[in-house]
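*Asks:*
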Amino acid sequence: MSAHRTPLRRAGTVAALATAGVLAAAGVASAHVTVHPESYAKGATDGVLTFRVPNEEDKASTTKVQVYLPTDHPVLGVLVTPQNGWTAKVTTSKLKTPVKTDDGTITDAVSQITWTGGKIGAGQYEDFNVAFGQLPDDTDQLAFKTLQTYSDGDVVRWIEEAAAGDDEPENPAPVLKLTAKESEDGDATPAASASAAGSTKSDSDASSSSSASDSDSTARGLGIAGLIVGVLGLAAGAFAIVRSRTPRS
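Numbering (the working numbering), first residue to last: 675 to 923.
What follows is the structure in structure tokens.
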């Protein structure tokens, strides 16, 4: 009996380790700085952006977060929400191209927000909320390059932007998608409505469906990989059992 149990025990161990490896890989792949919500309408006003910062290190804490706001398509009227244990420093810069608004011409905008003094431990994350007065209406997305500093001195640069059609980079910058502007009655503008007449979904629905589809595909791929490796492990155990029985027979 012990000769038969050993191969089964080994097979079970192989399957368990393989499954754990797949799950660990899935966790690492998703542990990067992100911005929420994932999209806003172009020119949206009086909203909130949340930057979610997870801690990826087991033996170090996140002690500093720097978020860089684009100045070529500036976010206007930025305000920082007080964060327990953290001190926020807001840096403004002169705009190369001033922005005209109903309240006048804007020549300066926030270009960087730095949070220090707090700590994000292993297996934890922190949400940093930033209110805005108005988003730009002349671009399709905003990339917020971010630097994450750890207590051991390591700095992770979340600054890479994926080109159209490319896979997600290793250290992607948080990206906010900007969808078609809405009219005062809540519908899309005439130009946006005309372009979407032949489609069954709006741009935002298509974007959400695409994101959900990508996530589902990734999850299914990881799950299938784990099952395949587990089956192979069990098959190896069964083969070992048959092999151990053959000499006796």
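Beta carbons are placed, not taken as given, at the ideal position from N, Cα and C, and that holds for glycine.
In this text, all values refer to a predicted model and were calculated from it rather than measured experimentally.
(1) Helix, strand or coil for Pro846, going by three-state DSSP, please let me know.
(2) Output needed for Gly721: all residues of its chain with C-beta closer than 8 Å, excluding positions within five of it in sequence on either side, in chain order.
(3) Taking the continuous beta strand (DSSP E) assigned at Ile787, which residues delimit it?
(4) Is it buried or exposed for Ala837, if we count other Cβ within 10 angstroms and need 16 for buried?
(5) Is Glu834 helix, strand or coil when you go by DSSP?
(6) How should Asn758 be labelled, buried or exposed, when 16 other C-beta atoms within 10 angstroms of its C-beta is the threshold for buried?
(7) Quick one: using the 10 Å Cβ neighbour count with 16 as the cut-off for buried, is Leu753 buried or exposed?
(8) Cβ of Thr719 less than 8 Å from any chain B Cβ?
(9) First and last residue of the beta strand (DSSP E) that includes Leu769?
(10) Pull up the CB-CB distance for Thr737 and Ser767, whole angstroms please, since I reckon it's below 8 Å.
(11) What do you reckon, are the CB atoms on Leu821 and Arg831 nearer than 8 Å?
(12) Enumerate in chain order the residues of its own chain whose CB-to-CB distance from Pro772 is below 8 Å, with the five nearest sequence positions on each side excluded.
(13) Which value, in whole angstroms, describes the spacing of the CA atoms of Gly825 and Asp776?
*Replies:* On the basis of the data shown:
(1) strand
(2) Tyr714, Ala805, Phe806, Leu809
(3) 778 to 794
(4) exposed
(5) strand
(6) exposed
(7) exposed
(8) Protein chain content of the structure displayed is limited to a single chain, and chain B is not contained in it.
(9) 761 to 775
(10) Wrong, their Cβ atoms sit about 25 Å apart, outside the cutoff.
(11) yes
(12) Thr779, Ile780, Thr781
(13) Correcting the residue type first, residue 825 is Ser in the shown sequence and not Gly. Those two C-alpha atoms are separated by around 45 Å.
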